[in-house]
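Written below as C-alpha cells is the structure these notes are about.
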Amino acid sequence: MAITTVATFGVERVEVMDPEGVVDEALMPDLSPERITELYGWMVLTRRFDERMLKLQRQGRLGTFARVTGQEGAHVPAAFALHDEDWMVPAFREAGAFLVRGVKMEDFLQYWGGDERGNLIPEGVRMLPTAIPVGTHMLHAVGIGWALKRRGEKAAVLTSFGEGATSEGDFSEAMNFAGVFQAPVVFFCQNNQWAISLPYYRQTAACTVAQKAVGYGIPGVQVDGNDVFAVYRTVAEALERACGGGGPSLIEAVTYRVTDHTTSDDARRYRAEEEVATWKARDPIERLAKFMKKRGLLDDAGEAAVASDADQRVAQAVAAFEAVDAPNPDEIFEHVFAELTAPLAEQREALRRRLAKEA
Amino acid sequence: MARLNLVEAIDQALLQEMERDADVIVLGEDVGRDGGVFRVTDGLVERFGEERVIDTPLAESGIVGMAIGMAISGFRPVAEIQFSGFVYPAYDQLVSHASRMRTRSRGRFTVPLVVRMPYGGGIRALEHHSESMEAAFAHVPGLKVVIPADPYEAKGLLTAAIRDPDPVVFFEPARVYRAIKMDVPEEQYEIPLGVARVVREGRDITVIAWGAQVRVAREAAERLAAENRADVEVIDLRTLSPLDSATLVASVEKTGRALVVHEAPRSGGFGAEVSAQLMERAILHLQAPVRRVTGFDTIPPLSKLEDYYQPDADRVVDEIVGIMEF
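Line by line, the protein sequences give chains A and B. Residue numbering for the first sequence follows this note's numbering, starting at -16 and increasing by one per position. Residue numbering for the second sequence follows this note's numbering, starting at 527 and increasing by one per position.
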C-alpha cells in the first residue's frame, strides 16, 4: 500500500495590460482598432450613465440601485465578447452589459425608476432581466445552456454574479449541473471584494474564486478584472470552448467596488478610505485610454469628445425616460398568468371601482 | 379502457404527452433508469432516452432552477421532486423566479414548468414524508397548485398542467398512489385547471376536500346517507390556485352548510381561505359556521400516532352532525 497523489490542480491568472497601458502582444486578443474604440465608448457611456443615475437617485427620480463605476473593465468586455446568438443571465451590477447587449438606457431607467415595463427586454435580445436575489439565477443559465445544446445551436450562455454569490448553495448546484450536463455556460464572477460590508476573506477561506471550479470538474481561471484585454480574451476563449462542445468554465475577474453597495449604503461605516483610493487609481477606463493613446487610437480631444457624446446620449435617454406616461394600474394584473384568472379579474375590478370612485 | 392506479395513470399521462410533444422533458432524481422511487416514470427512459428523461444530481433547487432555464428556452420540463418534504431548497426558485418571470419580464419570458411531487400522510412513512404544505404554495402569486384525487383525475389534470403556459405545482397524494384502481381512458384528455368538481350531489351540507381527503369525505357522506342522517354534497377542489369559488358558492347556496377537510395543519391552512370565501360570498345562505376537519398544528407524528392526526370518516361524520345540529 502507499499514499499517492491522485490529482493535482493549479489556478492560472491572466494579465494582458499593465496599469500604464502596456500590453503583452503575445497575449492580446483578436480585436481591431475599431472594436477597441467601440469597447472604450461603451465603458465611458457606462461610467457617465452610472454617474447620472446617481444624481437622479439623489433627486428622488430613481429608486435604490447598485452602481457599476469602477467595474466597467469586467462586465463590459465580457458582454462585448458575446455574439448575438449567445445568452446573458445577469445579476444586478452589470449596467454596461445591458447597454452593450441592446437594452435602451431609458428602459433601464424606467425599471430602476419603479416602472416594471422597463424590464421588457427587446425581442431578439438574448438576455434575462436583472436578478436581485443573490446567486440563484445561475441555474437558469444552465437550463438555457442545456436547451441550446439540445437544439444543436452553436451558442453559449454567460452568467454573471459577485463573489458573495459564490457562497450561496445555488452557485454550487449550478456549477455541478453545468459540469454534469456539459452545458455551454460561462460563469463570470465580478469579484469586487465586498459583499455589502463583508470583505472577501470573510466570504470564503479559498484564496481564489477560480479554484472553486476544481470541485466541479470544470476549468477555472482568474483574470485582472480591470484589464479589459485579459477579460475579453478569457471570456472569448471560454465562449468558444463552450460553443465547440467543451463544456462550462468559471472566470474570476478581480476588480473592486469603489462605490457604496447601493445608493442606500454607506461604505465608510465598514472599510478604509485608503483601500478605496488605491483601487480608484487602478481605474479600468483610464488604463485603456493610456493604451489607446500610445497606439494613436485616442488623444485628449478625442477623449473629451467620447465623454461629451456619452453625456449627450445619456441626456436624451433621461429625457425619454421622463416623458413616459405613468403606468395604468391595470398593469398590476397583466402578465401574472397567460390568461387572467377569475380571482385576478375580480381583484382588478375591485381596484377599478375604487379608482373610479376617487376620480 | 384499462384499470389503472394513480401511479400508472400519471405515468401514462407523461408518456402520451411526451409522444405528442417532443419539447416535454422529464427530470429529477432517479426518474430515469430507476423509473422513480414510486415508479411514476417507469418505462420513460427506455422509450425516450436519457436526453428527455434526465437523471439529475441530488439537488432540488438545481432541478427546479435548471428546469426554469429550460422552460424559458421553450421546453416543457416536468420536474419530479422525490418527496414534497424535500422541496424547500427549491421553494426559493419557485417563489423568486418561476412564479414571477412572466410578470417581471412583462411577458417576454415565461415558465411553462410542472413540478410534481408526492405529498401527504397515511402511508406509515419515515420523517419528512407525510407533510401536506400545499397552502404555502397556493399563497404564491403566479403559481398554479393542482392536486388530483384519483387516477382518472390525475391523468386529465396532469395533461392540462403540462400544456399550461405557466408554472404548475402538482401534488400527488402518496396515500392514493396504489390504493385504488379505476377505469382510465386510453386516449388523452384534459381536465381544465381552476374548475372544481362535484363528486357527489347532496342537499344538506357541502363538504370540500382535495387529494386523499376526497375519499374520506365520500366515505363519510355514504355512511350518513345509509343511516338517513344527512344528504351530503362532496366537492373536490382539484385546483387550489386559481380557486373556483363559484362552484363552492353555488353549492353552499343550495345546502346552507359547509365543512372543509384537509390533512394539512389547521391554522393558516387552505381551509381558512375556503372558509373566508364562503363568508364573503354566501354568508346569508349559511345556517351554521363553516367548520374544518384538519391535521393539528404539529409536526405530523410518526406511524404509531399517525391515525390520531389524519382526518378520517369518523371525524368527518362527527363534524357534519355537529354542523347539522347547530
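Just so it is clear, CB atoms sit at the ideal spot from N, CA and C, and this is done for glycine as well. This structure is a prediction, so every number in the text was calculated from the model and none was measured.
Out of curiosity, what's the CA-to-CA distance linking residue i and residue j?
| i | j | result |
| --- | --- | --- |
| R729 (chain B) | E851 (chain B) | 15 Å |
| D210 (chain A) | A138 (chain A) | 25 Å |
| V758 (chain B) | V550 (chain B) | 41 Å |
| K707 (chain B) | E534 (chain B) | 9 Å |
| L22 (chain A) | I268 (chain A) | 10 Å |
| I688 (chain B) | R626 (chain B) | 18 Å |
| M527 (chain B) | K681 (chain B) | 13 Å |
| L281 (chain A) | I104 (chain A) | 33 Å |
| D581 (chain B) | G107 (chain A) | 32 Å |
| R296 (chain A) | V289 (chain A) | 11 Å |
| V637 (chain B) | A746 (chain B) | 40 Å |
| A193 (chain A) | E235 (chain A) | 5 Å |
| E716 (chain B) | E679 (chain B) | 9 Å |
| G795 (chain B) | P603 (chain B) | 29 Å |
| A225 (chain A) | T685 (chain B) | 35 Å |
| N102 (chain A) | R109 (chain A) | 13 Å |
| F316 (chain A) | D67 (chain A) | 32 Å |
| S771 (chain B) | L804 (chain B) | 8 Å |
| A664 (chain B) | V672 (chain B) | 9 Å |
| G85 (chain A) | L65 (chain A) | 12 Å |
Out of the options, which has the shortest C-alpha to C-alpha gap to residue i?
| i | options | result |
| --- | --- | --- |
| S622 (chain B) | A:I104, A:D243, A:Q194 and A:I115 | A:I115 |
| G46 (chain A) | A:L92, A:P73 and A:M71 | A:L92 |
| A548 (chain B) | B:N531, B:R573 and B:G558 | B:R573 |
| R578 (chain B) | B:F601, B:L584, B:A752 and B:R565 | B:F601 |
| R(-4) (chain A) | A:R31, A:L334, A:V204 and A:K132 | A:V204 |
| G575 (chain B) | B:V724, B:G561 and B:T781 | B:G561 |
| E8 (chain A) | A:Q299, A:R216, A:G228 and A:A250 | A:R216 |
| Y703 (chain B) | B:D709, B:A738, B:K670 and B:V725 | B:A738 |
| E3 (chain A) | A:A272, A:G279, A:A325 and A:A298 | A:A272 |
| A339 (chain A) | A:P312, A:M26 and A:E317 | A:P312 |
| I598 (chain B) | A:L111, A:L14, A:D98 and A:D243 | A:L111 |
| F635 (chain B) | A:T52, A:A188 and A:H318 | A:H318 |
| D909 (chain B) | B:P768, B:P615 and B:A662 | Nothing about residue 909 (chain B) can be read from this structure; chain B reaches only from 527 to 852. |
| D153 (chain A) | B:Y614, B:E712, B:G782 and B:L553 | B:Y614 |
| A221 (chain A) | A:A300, A:L28, A:A62 and A:A(-15) | A:A62 |
| E258 (chain A) | A:A213, A:L39 and A:Q176 | A:Q176 |
| V571 (chain B) | B:P583, B:L584 and B:V557 | B:V557 |
| V552 (chain B) | B:T629, B:H811, B:V666 and B:V640 | B:V640 |
| R265 (chain A) | A:S155, A:T187, A:T149 and A:V237 | A:V237 |
For the alpha helix (DSSP H) that residue i lies in, which residues bound it at each end?
| i | result |
| --- | --- |
| N159 (chain A) | G152 to F164 |
| K277 (chain A) | P267 to K277 |
| F696 (chain B) | No alpha helix (DSSP H) holds F696 (chain B); the beta strand (DSSP E) holding it covers V694 to P699. |
| T47 (chain A) | Careful: T47 (chain A) lies outside any alpha helix (DSSP H) and carries neither H nor E. |
| I688 (chain B) | P677 to R689 |
| R670 (chain B) | The amino acid at residue 670 (chain B) is misidentified as Arg; the sequence shows Lys. Note, K670 (chain B): premise wrong, no alpha helix (DSSP H); beta strand (DSSP E) at K670 to V672. |
| T629 (chain B) | M627 to R630 |
Just curious, the beta strand (DSSP E) that residue i is in, first and last residue?
| i | result |
| --- | --- |
| T732 (chain B) | I731 to A735 |
| F144 (chain A) | V140 to G145 |
| V724 (chain B) | R723 to R726 |
| A784 (chain B) | A784 to V787 |
| R817 (chain B) | R817 to V819 |
| V640 (chain B) | V640 to Y645 |
| F170 (chain A) | V168 to N174 |
Indicate, with yes or no, if the ligand MG has a heavy atom lying under 7 Å from the CB of residue i.
| i | result |
| --- | --- |
| A624 (chain B) | Looking at this structure, you won't find the ligand MG or any other ligand, since it has none at all. |
Mind checking if residue i is an interface residue toward chain E, Cβ cutoff 8 Å exclusive?
| i | result |
| --- | --- |
| M544 (chain B) | The question asks about chain E, but that chain is absent: this structure's protein chains are A and B. |
- Residues of the region 121 to 141 of chain A with Cβ closer than 9 Å to any Cβ of chain B, in chain order: Hits within the stretch, in order: M121, L122, H123, A124, V125, G126, I127, G128, W129, A130, L131, R133, R134 and V140.
- Task: Inspect the CB distances between the region 585 to 594 of chain B and the region 113 to 133 of chain A and report whether three or more fall short of 8 Å.
- Result: Three or more pairs of CB atoms, one per stretch, sit closer than 8 Å, so the region 585 to 594 of chain B contacts the region 113 to 133 of chain A.
- Which of the residues in the region 307 to 325 of chain A, read from start to end, lie with their CB under 7 Å from any CB of chain B? Here the close residues are H318, V319, F320, A321, T324 and A325.
- Message: Using a Cβ-Cβ cutoff of 8 Å, what residues of the region 631 to 650 of chain B are near chain A? List them in chain order.
- Response: Cβ contacts with chain A: S631, R632, G633, R634, F635 and T636.
- According to a CB-to-CB cut-off of less than 8 Å, which residues of the region 656 to 669 of chain B neighbour chain A? Residues of the region 656 to 669 of chain B with a C-beta less than 8 Å from any C-beta of chain A: P667 and G668, listed in chain order.
- Item | Given 8 Å, three or more beta-carbon pairs between the region 321 to 329 of chain A and the region 651 to 666 of chain B | The region 321 to 329 of chain A is not in contact with the region 651 to 666 of chain B.
- Task: Select from the region 557 to 578 of chain B all residues with a C-beta closer than 7 Å to any C-beta belonging to chain A, and list them in chain order.
- Result: Taking 7 Å as the Cβ-Cβ cut-off against chain A, the residues of the region 557 to 578 of chain B that qualify are E577.
- Task: Anything in the region 98 to 116 of chain A with a Cβ closer than 7 Å to a Cβ of chain B? List those residues in chain order, please.
- Result: The region 98 to 116 of chain A vs chain B, Cβ under 7 Å: E99, R100, N102, L103, I104, L111, P112 and P116.
- Looking at chain A, which residues of the region 785 to 814 of chain B have a Cβ within less than 7 Å of any of its Cβ atoms? Listed in chain order, the positions of the region 785 to 814 of chain B with a beta carbon within less than 7 Å of a beta carbon of chain A would be empty, since no residue qualifies.
- Are three or more beta carbon pairs between the region 65 to 79 of chain A and the region 22 to 38 of chain A nearer than 8 Å? Short answer: they touch.
- Are three or more beta carbon pairs between the region 818 to 826 of chain B and the region 784 to 793 of chain B nearer than 8 Å? With a cut-off of 8 Å, the region 784 to 793 of chain B and the region 818 to 826 of chain B count as touching, because enough Cβ pairs lie within range.
- Taking a Cβ distance cut-off of 9 Å, strictly less, list which residues of the region 142 to 159 of chain A are near chain B, in chain order. So the close ones are G152, D153, S155, E156, A157 and N159.
- Are the region 720 to 734 of chain B and the region 535 to 547 of chain B touching by the rule of at least three beta carbon pairs closer than 8 Å? Taking a cut-off of 8 Å for Cβ pairs, the region 720 to 734 of chain B and the region 535 to 547 of chain B do not touch, as fewer than three such pairs fall below it.
- Query: Of all the residues that make up the region 234 to 252 of chain A, which are near chain B by a beta-carbon distance shorter than 9 Å?
  - Reply: Of all residues in the region 234 to 252 of chain A, none has a Cβ within less than 9 Å of some Cβ in chain B.
- Item | Cβ-based contacts, 9 Å cut-off: residues of the region 589 to 608 of chain B near chain A | Under the 9 Å Cβ criterion, the region 589 to 608 of chain B contributes I589, V590, G591, M592, A593, I594, G595, M596, A597, I598, S599, G600, F601 and P603.
- Query: Does the region 154 to 163 of chain A touch the region 49 to 65 of chain A, meaning 3 or more C-beta pairs lie closer than 8 Å?
  - Reply: Put simply, the region 49 to 65 of chain A does not touch the region 154 to 163 of chain A. Fewer than three CB pairs are less than 8 Å apart.
- Task: Scan the region 756 to 789 of chain B for residues whose Cβ lies nearer than 9 Å to a Cβ of chain A and list them as they occur along the chain.
- Result: Contact annotation: in the region 756 to 789 of chain B, residues whose CB is within less than 9 Å of a CB in chain A are S767, P768, L769, D770, S771 and A772.
- Taking a Cβ distance cut-off of 8 Å, strictly less, list which residues of the region 716 to 749 of chain B are near chain A, in chain order. When C-beta distances to chain A are compared with 8 Å, the residues of the region 716 to 749 of chain B below that value are G720, in chain order.
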